[in-house]
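Q: Pasting in a structure now, in structure tokens, and then I'll have a few things to ask.
Protein chains: 2
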Amino acid sequence: MNYPNNIKKDVHQTPISYKNRGMDLEEELNLSNEYYIEIDKAYIYKKPTPIGVANVSYNLHGKVIEKGYFKEQSTLDYNGLYRGKYIEFEAKVTQNKTSFPLANIHHHQINHIRNILRHQGIVFLIIKINDLVYLLKGFDFIEFIDNNNRKSIPYSFIQNTGYLIKYGYRPPLDYLKVVDEIYFKEE
Amino acid sequence: MNYPNNIKKDVHQTPISYKNRGMDLEEELNLSNEYYIEIDKAYIYKKPTPIGVANVSYNLHGKVIEKGYFKEQSTLDYNGLYRGKYIEFEAKVTQNKTSFPLANIHHHQINHIRNILRHQGIVFLIIKINDLVYLLKGFDFIEFIDNNNRKSIPYSFIQNTGYLIKYGYRPPLDYLKVVDEIYFKEE
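Listed in order, the protein sequences are those of chains A and B. Each number in the working numbering corresponds to the 1-based position in the first sequence with 48 added. Each number in the working numbering corresponds to the 1-based position in the second sequence with 48 added.
As structure tokens, then:
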């Protein structure tokens, strides 16, 4: 099919060092996603944080929120399309050195992961722990939760079951390389 | 693959008349999506409205937004998975009887539709006009925009190019029946 193709692209010509470990995980992923869009490899974007609105007023520009609060995200942070497939993931950093606390992922998000799996989407967590970044498949995450009555995932489980994402220049975190290995191996 | 399957479902046993035309399009689509989840036919949910936060304060419960504003949605309202495919759409009602004003769809959303099409997602608009509900394929919408220098889509174009979604009982708007005909015809 002859799909329309004239999307404007952000071009980043300035040589920026992405090796800077001071950059936070979200920034690293946003830059990686921008890069993927730039080379038209994938279309993955960050979802807005849901807000509860308690009070509004009106001014010349329209509705203004006078009181609101941040709601728990019931879906995951990043969502989009890769190689024609639905993809969604959550990115989390833990300062904990021995395990990933499950309090990081809300109950609604766990249900969301189950739903995506059941409907054949690609879903995973990206976890930064001990300065290393791992991709943990949604399937393995749910299996862990269902078979372990624990409040955290041991680091050893993440090391053994997860997939290490290596740091690079552009993109800073080439997580789609790992996605290729896991989800598109047979092709 | 043996996917985990124990998601809690909302069960609606009360017989509600969905024929009530007073119900707005969003409500009709939310109920339809709940029904699809209930029978496990699809997993499609509404995205949160993006909010810009100008001022925050802190109380015992955490961060409170003291000033914020509604941002333009740069993606579409509904997103999810159907038959293993990425699906996304926007729902709009117009009181205009002769055309659908293009001001209803923002510039960023048009780019978003192009991106989804290019990456092989299913994307469309659901337009309620003259009390009838039509599905207009993202592809046809973009084709119209690219080939017509107009500020609105004539009703006749929607009638001829779009697909009528019929009202029913459960779900109130069985738009996936139309999606089947358009996107899964060959199977």
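Even for Gly, the Cβ is constructed at its ideal location relative to N, Cα and C.
Can you pull out the residues from the stretch 169-182 of chain B whose beta carbon lies closer than 7 Å to at least one beta carbon of chain A?
A: From the stretch 169-182 of chain B, only G169 have a Cβ closer than 7 Å to chain A.
Q: Per DSSP, which one or two residues make a beta bridge with V181/A?
A: Bridge partners of V181/A: K176/A, I213/A.
Q: K94/B to V112/A, Cα distance in whole Å?
A: Distance between the alpha carbons of K94/B and V112/A: 22 Å.
Q: Helix, strand or coil: which one does DSSP assign to R69/B?
A: For R69/B, the pLDDT reaches just 47, beneath the cut-off of 50, and the residue's location in the model is therefore unreliable, although a value from the coordinates is still provided. Looking at R69/B - three-state DSSP - the assignment turns out to be coil, as it is neither helix nor strand.
Q: Would you say G216/A lies against chain B (beta-carbon separation less than 8 Å)?
A: No, G216/A lies away from the interface with chain B (no Cβ there is under 8 Å from its Cβ).
Q: By Cβ distance below 8 Å, which residues in the same chain neighbour Y231/B in space, the five residues on each side in sequence not counted?
A: The answer, listed in chain order, is K133, I170.
Q: What separation, rounded to the nearest whole angstrom, lies between the Cα atoms of S147/A and Q157/B?
A: Approximately 40 Å between the Cα atoms of the pair.
Q: In chain B, which residues lie with their C-beta within 8 Å of the C-beta of N261/A?
A: With chain A running from 49 to 235 in the structure shown, residue 261/A is simply not present.
Q: Count the other CB atoms, across all protein chains shown, that sit within 10 Å of the CB of G110/A; report buried if there are 16 or more and exposed otherwise.
A: Under this definition G110/A is an exposed residue.
Q: If the cut is a Cβ gap below 8 Å, which residues of chain B does E114/A touch?
A: Residues of chain B passing the Cβ test: E114, K115.
Q: According to DSSP, S105/B sits in a beta bridge with which residue or residues?
A: DSSP, once it has assigned bridges, lists V112/B as partnering S105/B.
Q: Which same chain residues, not among the five before or five after R69/A, have their C-beta less than 6 Å away from its C-beta?
A: Per-residue confidence for R69/A stands at a pLDDT of 47, beneath the threshold of 50, marking its modelled position as unreliable; the derived number appears in the next sentence. There are no such residues.
Q: How far does the alpha helix (DSSP H) with L165/A in it extend, from its first residue to its last?
A: Counting along the chain, the alpha helix (DSSP H) containing L165/A begins and ends at 155-166.
Q: From Y130/A to N78/B, what does the alpha carbon distance come to, in whole angstroms?
A: Y130/A and N78/B: Cα-Cα distance of roughly 27 Å.
Q: Mind listing the chain A neighbours of P96/B? Cutoff is C-beta to C-beta under 8 Å, in chain order.
A: Within chain A, the residues near P96/B are K95, P96, T97, P98, I99, K119.
Q: Residue range of the alpha helix (DSSP H) that G132/B falls in?
A: Here G132/B belongs to no alpha helix (DSSP H), and DSSP marks it neither H nor E.
Q: For chain B, find out if any of its Cβ atoms is closer than 8 Å to the Cβ of T142/A; answer yes or no.
A: Not one chain B Cβ lies under 8 Å of T142/A.
Q: Please state the DSSP three-state secondary structure of L124/B.
A: Looking at L124/B - three-state DSSP - the assignment turns out to be coil, as it is neither helix nor strand.
Q: Assuming L221/A and Y215/A form a contact by the criterion Cβ under 8 Å, report the distance between their Cβ atoms to the nearest whole angstrom.
A: Going by Cβ atoms, the distance from L221/A to Y215/A rounds to 7 Å, so yes, they are a contact pair.
Q: G210/B CB to nearest chain A CB: under 8 Å?
A: Cβ-Cβ to chain A under 8 Å: no for G210/B.
Q: Is L212/B closer than 8 Å to F187/B when the C-beta atoms are compared?
A: Taking 8 Å as the Cβ cut-off, F187/B and L212/B do not qualify as a contacting pair.
Q: What is the rounded straight-line gap between the Cα of V227/B and the Cα of F137/A?
A: Using only the alpha carbons, I get a separation of about 26 Å.
Q: Does the Cβ of I161/B have 16 or more other Cβ atoms within 10 Å, making it buried, or fewer, making it exposed?
A: So I161/B ends up on the buried side.
Q: What residue range does the alpha helix (DSSP H) around F189/B cover?
A: Taken as a continuous stretch (DSSP letters only), the alpha helix (DSSP H) holding F189/B covers 186-195.
Q: If S200/A sits next to L150/A, beta carbons under 8 Å apart, how far is it from one beta carbon to the other, in whole angstroms?
A: About 6 Å; that satisfies the 8 Å criterion.
Q: At the level of alpha carbons, what is the spacing between K140/A and K119/B?
A: Each residue's Cα considered, the two are about 26 Å apart.
Q: Let me check one thing: in DSSP terms, what residues is P96/A bridge-paired to?
A: P96/A pairs with nothing; no bridge assigned.
Q: Look up I87/A in the DSSP assignment and say whether it is helix, strand or coil.
A: Coil.
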